[in-house]
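Residue numbers (the working numbering): 42 to 195.
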Amino acid sequence: MTNRPRLRLGQSLVPGVLAVALFGAMAMIVLNTGFADEMVGFPEGISVTSEIGYALFDLTALQSAEGSIGDTEPFLAAFLLIAVVLDAALDAALVLAKRETEGEPVAALSSRTGATPGTTGSDQVAATDGSGRLRESSDESAASDTGAESGGDT
42 MTNRPRLRLG QSLVPGVLAV ALFGAMAMIV LNTGFADEMV GFPEGISVTS EIGYALFDLT
102 ALQSAEGSIG DTEPFLAAFL LIAVVLDAAL DAALVLAKRE TEGEPVAALS SRTGATPGTT
162 GSDQVAATDG SGRLRESSDE SAASDTGAES GGDT
């Protein structure tokens, strides 16, 4: 009889609840933000990338003067906010990919078969004679008791 995997509750549930709460808060902020009708993009002939780059390094002398938007800081703030969020997402993905408890890897779903951490929970042992097949542990003990391969007296 096989047991189905069970979702572990407790301390491993807290980061998920916090992530859902953060997503909800960010969704509420985006939905409640009013965008003014007078907001327009950059005029023709002006590079968005160069204007944001100049604002990033505070090079106002290099920014275009004719027809440019004088206040590029809102674009810069959005750029930096996205960079921080993507960096945090990458860090979280790396942390979640490699979780350990007491030096042993931990899976999000675990089956409760009574197996100790680091074992598969089966009685199979890898064969060391080069045959490439798996032997049951009871077969291994029976083979070692007979001593038939060593040519000994039986």
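Every residue, glycine too, gets a C-beta built ideally from N, C-alpha and C.
Thinking just about the alpha-carbon of each residue, which of the options is nearest to the one in residue i?
i    : options                : result
A124 : N73, L137, L97         : L97
L54  : V126, E143, P146, L137 : L137
L121 : P146, E145, G94, G144  : G94
Is residue i near the ligand SAM, in the sense that its beta carbon is under 7 angstroms from a heavy atom of that ligand?
i   : result
L72 : What this structure holds is no ligand at all, so the ligand SAM is not there to describe.
Apart from the five residues just before and just after residue i, which ones in its own chain have a Cβ nearer than 6 angstroms to its Cβ?
i   : result
T43 : none
Excluding the five sequence neighbours on either side, which residues of its own chain have a C-beta within less than 8 angstroms of the C-beta of residue i, listed in chain order?
i    : result
T101 : Y95
- Query: Residue ranges of each alpha helix (DSSP H) run of no fewer than 4 residues wholly in the region 42-92, ordered along the chain?
  - Reply: Qualifying alpha helix (DSSP H) stretches, in chain order: 55-73.
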